[in-house]
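S.K.:
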Amino acid sequence: MRNARRRCRTSPAIGESLKGYDGFGWYGLGAPAKTPPEIIKKLSDATNEALSNPMINERFSQLGVDPMPLTAAAFAKHIAEEVDKWGKVISAQGIEVN
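For the sequence shown, counting from 1, position 72 maps to 136 in the working numbering; every step adds exactly one.
1. Which same chain residues end up closer than 8 Å to M65 when comparing Cβ atoms and leaving out the 5 residues on each side of it in sequence?
2. Could you tell me the alpha carbon to alpha carbon distance between E113 and T135, rounded to whole angstroms?
3. Tell me whether G89 sits in a helix, a strand or coil according to DSSP, three-state version.
4. Using CA atoms only, rank isn't needed, just tell me which of T74, G84, Y85, I104 is closest to A140.
5. Answer with buried or exposed for S116, where buried requires no fewer than 16 other C-beta atoms within 10 angstroms of its C-beta.
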């Protein structure tokens, strides 16, 4: 759901005020680590099919959400990148994670 566009017409997007800002909220569907690959594929295919539905996309648009259908491998990569990026921010601020 990466998108730098404004969600509110009267307020600038944070990236317009804070140059270099690259943070965004996202949602994802996860499953336990030992879930069989064929089940993961079924869930991924069904989710991506739903995300291609025009009615669902219209509702997401009304809510200011930009769907980004991903494969399971691409989603795992995204999570790893987020952990790395935000882990650096946390460390730089001296925050302890317990």
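Backbone N, C-alpha and C fix where the C-beta goes; we use that ideal spot for every residue, glycine too.
M.R.: In short:
1. Residue confidence for M65 is low, a pLDDT of 41 falling below 50, so the modelled location carries little weight and cannot support an answer.
2. 12 Å
3. coil
4. I104
5. exposed
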